[in-house]
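If you count the sequence shown from 1, position 37 lands on 41 in this note's numbering, and the numbers rise without skipping. All C-beta atoms, glycine included, are put in the ideal place defined by N, C-alpha and C. The structure presented is a predicted model; accordingly, all values stated were derived computationally and were not measured.
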Amino acid sequence: ALRSRACPQRFQEIAVPSFDITSEADMVALKNAVDVAGRHIGNRYDFKGTSARAEISEKDKLITIWGDSEFQLGQVKDILFPELEKKQRESTKRLDMGKVEVVSGNKAKQELKIKVGIEQELAKKIVKLVKDSKIKVQATIQGDAVRVTGAKRDLLQEAIALVKQSVTDYPLQYGNFRD
């Protein structure tokens, strides 16, 4: 009985501080933003009687915008993107713009894929960035996240600052801190 009590303490002493770099989309916030944009589009006089609209498929992680022309798709995006940014900061950076398709007659549609997680290329870039920085921390790829471990919390905060400064083209979250 004594040994089992002492064992957890020993594990706590050798536990290394760490955190995870992830990229998760808040689908509820994005759905809300698409709904708000849809109401704005419905209320605009110049969109009356047109096919202009935006839809979201949470299951497929896909936003589809519709319009009578490529120009109108641009107008729909001008309404949609600020709403997305209001609900979740940097959310437009995670959209993978599909090409504009012409459907039935002269109507147009475009699919915007919502990227979730950190892609392999970006994960490798983050690991290389951390290694090249000479900060005494280790970064490892774990699925669609990157785990950073180090001896001290200050070093981890340094690593966060470095990654925040260097990776500005994709939204990242820093969480799951362990001391």
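Inter-residue spacing [alpha-carbon to alpha-carbon] between L176 and E28: 8 Å
Can you tell me the Cα-Cα spacing of Q124 and Y49, whole angstroms? It is roughly 45 Å from the alpha-carbon of Q124 to the alpha-carbon of Y49.
Tell me which same chain residues have a C-beta within less than 7 Å of the C-beta of N180, skipping the five on either side of it? Excluding residues up to 5 positions away in sequence, F23, D24 lie with their Cβ nearer than 7 Å to the Cβ of N180 in the same chain.
With distance defined between alpha-carbon atoms, name the residue in E105, E94, R43 nearest to D72. E105
Near L126, what residues of its chain come up, given a Cβ to Cβ distance below 8 Å and the 5 sequence neighbours on each side ignored? V171, Y174
Residue range of the unbroken beta strand (DSSP E) whose run includes A58: 57-61
Under a Cβ-count criterion, where at least 16 other Cβ atoms within 10 Å of its own Cβ denotes burial, should K90 be classed as buried or exposed? Exposed is the call here.
Assuming V141 and V150 form a contact by the criterion Cβ under 8 Å, report the distance between their Cβ atoms to the nearest whole angstrom. So it is not a contact: roughly 11 Å between Cβ atoms.
Is the Cβ-Cβ distance between A185 and A41 less than 8 Å? Since the first residue of the chain shown is 5 and the last is 183, residue 185 is not available in this structure.
Please work out which residues of its chain come closer than 7 Å, Cβ to Cβ, to I164, disregarding the five sequence neighbours upstream and downstream, and give them in chain order. Y178
Tell me which residues share the same chain as H44 and place their Cβ nearer than 8 Å to its Cβ, disregarding the 5 neighbours each side in the sequence. I83, E87
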